[in-house]
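Residues 1 to 451 in our numbering are what the sequence shown lists, from first letter to last.
Glycine included, C-beta positions come from ideal geometry on N, C-alpha and C.
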Amino acid sequence: MGSTQDISGAKAPLDPIYRKVFLRLLPFLMILWTLAWIDRVNIGFVKLTMTEDLGWSEAVYGLGAGIFFIGYFLFEVPSNLLLQKIGAKKTLMRITIGWGLTSVAMVFATTPAVFYSLRFLLGVFEAGFYPGIILYLTYWFPAKRRAKAFGTFMSASAFAGVLGGPLAGWIMNTFDGVSGLNGWQWVFIVEGTPSVLAGFVVWFYLTDRPHQATWLTVEEREAIAADLAADDSAVEGREHSMLQSLKSGRIWQFIAIFFCVISANSALTFFGPTLVQEVGFEDPLAIGWIMAAVNLAGGIGMILNGLHCDRSGESRWHTATAVTLGAASLAAAGLLLNVSAIGTLIALGLAVVGTMSAIPVFWQMPNWFLAGGAAAGGVALINSMANLAGFGAPYLLGAVKDSTGNLSLGLFIVAAVEICAALMILKFVPPFRTNTTTPVPTTNDLTEQPA
């Protein structure tokens, strides 16, 4: 069992302390991420009737789904730097209330212009939440304990799919026509309101830093501080400015890798329900339950891959193997789409498992090469640049479906993009382990690394 020595000379066991921190922070952060994810991706379910009701093309939907990430890109780095300056409570409260109100306002998205504007605004408010939580968790957990924390937190997006699919289907079937509103409009009202309420809870529940945690004893706070200080010494020499981050070939490699992963994740998120509809399912609730099962598998994969990554201290192969599974399964779904409904759904499930399992363990790689202030800007830079794939992939799939009549070609293209992530990981990321003190490249090595 890990331990550290406090000022009095007594050793405080670390495992129970970090378990206490984990149980205090992760469940609440998972609730916030679940709400954020539902408000971000419920458009994939309301699209099943919304586009028909409003007479929109697949390309209009794809552009609206993707334009979220333009707002996300423009405001993510400033939001993450603001979190470091003013603290997690103020930043996350602002973000959560803002995206909740915008989600509710989607009830008025009856023209493409309003649809695009509100999706853009939703991206603006959500900007900084995901990388902000990644940064926030580094304030509480050392590198060797982060993959489990990251994986558990990120698995909420999968479990949001488990909850969000059936919930959206039930709302659409049950509330359609109530008060003169369509079922898809009620989805935004019912699912956006809890986010507004949760934003106020953030202020009373979260603690910015371990030394401010009144729910920890003095000895526990000192033990965490000593452990994190030792962890920081292992990454000494790797701090660099935002300008150096922009010049760092290594960081641009991470951006390219994550761009490929997000391309696949966005395709599955925004067109997964459409793929299920294409194999013969029409009822929104039935489609919701199928996507619930798929996302449950993805969440389990996330947690298991993160746990194994923590135990082994290895994240390079854990990420590359997962994205390879995702890419192969996307290609299989494209091949089977017009051949076998069951085969297509199995391939869809495996694609979600592979792609989602790669995301939390991926973050172990850039976090190992970044430290201190560089982590705030570097993580946000990687995430914001890579998330531009969230704009391109949905629009591409929508345009392809408009021109060909189905999703097969689009799935092949996305699969080809995702496999590039595995190839780049093996080519550009040197082997390392988070549970050792093996030296890694310094700041100079990073900035000299070719893009």
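Which residue wins for smallest C-alpha separation from residue i, given the options the options?
i	options	result
S266	A333, L48, L396	L396
I31	H211, E52, T96	T96
V107	L197, N182, I287	N182
I255	F362, F120, A286, S340	F362
L63	F120, F75, W203, G410	F120
G128	A416, I382, V400, P430	I382
G378	N367, L407, N387	N367
I359	P430, F270, A264	A264
A380	I43, L83, Q277	L83
V323	V353, D310, C309	V353
R209	V202, E220, W289, G87	G87
G390	L268, L48, T111, Y136	L268
S340	F428, M365, G199, L275	L275
P112	G169, G132, Y61	Y61
L483	F28, V196, L137	Nothing about residue 483 can be reported from this structure: the residues present for the chain run from 1 to 451 only.
V46	R145, I133, F428, N173	N173
F271	R311, W37, V41	V41
L330	S57, T355, E52, S312	T355
W215	F412, R24, L407, G299	R24
G98	S403, M50, A36	A36
F73	T217, G299, I251, Y130	Y130
W56	T217, V414, D402, I413	D402
S384	M50, W317, E314, F68	F68
A147	A416, V417, S315, N338	S315
Please return the same chain residues whose Cβ sits closer than 6 Å to the Cβ of residue i, not counting the five positions on each side in sequence.
i	result
I7	Low local confidence applies: a pLDDT of 39 at I7 is under 50, so the model's placement there is unreliable, and no value is given.
T34	A156, A160
E448	Any answer about E448 is weak, because its pLDDT of 41 lies below 50 and its placement is not dependable; what the coordinates show is given next. The answer is none, since no qualifying residue turns up.
V162	A292, N295, L296
P16	none
I419	A327
V124	G71, F75
G151	M302, I303, G306, P360
P450	Residue placement at P450 cannot be trusted, given a pLDDT of 38 that sits under 50; what the coordinates show is reported in the next sentence. Result list for P450: G249, in chain order.
G169	P284, L285, G288
V400	L409, G410
A136	It is Tyr, not Ala, that sits at residue 136 in the sequence shown. A88, listed in sequence order.
K20	none
Could you give the C-beta distance for residue i and residue j, rounded to a whole number, given that I count them as a contact under 8 Å?
i	j	result
A347	A333	4 Å
A59	G405	Not quite, the Cβ-Cβ distance comes to about 13 Å (not below 8 Å), so this is no contact.
A149	F22	7 Å
L54	Q277	The Cβ separation is near 17 Å, so there is no contact.
L29	F153	5 Å
S79	G132	7 Å
L345	V279	7 Å
L336	G343	4 Å
Just to check, is the beta-carbon of residue i closer than 7 Å to a non-hydrogen atom of the ligand FMN?
i	result
R316	The model on display carries no ligand, and the ligand FMN is accordingly not part of it.
To which residues of the same chain is residue i closer than 7 Å at the C-beta, ignoring the five residues directly before and after it?
i	result
A320	A422, I425, L426
A143	D231, N367, W368, T434
V202	K89, L92, M93, T96
S103	D39, L122, F188, E191, G192, S195
Y18	F141, R145
F115	G64, A109
Counting only the same chain and skipping the five closest in sequence on each side, list residues whose C-beta sits under 8 Å from that of residue i.
i	result
I262	A386, N387, A389, G390, A393
R221	P210, H211, A213
T51	S57, E58, V60, Y61
### Query
What residue ranges within the segment 84-116 form continuous beta strand (DSSP E) runs of no fewer than 3 residues, ordered along the chain?
Correct list: empty.
### Task
Entirely within the segment 262-348 and at least 4 residues each: give me those alpha helix (DSSP H) ranges in chain order.
Complete alpha helix (DSSP H) runs here, min 4: 284-312, 316-336.
### Message
Runs of 4 residues minimum, wholly inside the segment 343-420: which ones carry the alpha helix (DSSP H) assignment?
### Response
As far as the segment 343-420 is concerned, its whole alpha helix (DSSP H) runs of at least 4 residues are 364-369, 373-386, 389-404.
#### Entry: Segments of 4+ residues assigned as alpha helix (DSSP H) that fall wholly inside the segment 112-185
Unbroken alpha helix (DSSP H) stretches of 4 residues or longer found wholly inside the segment 112-185: 112-126, 129-138, 143-175, given in chain order.
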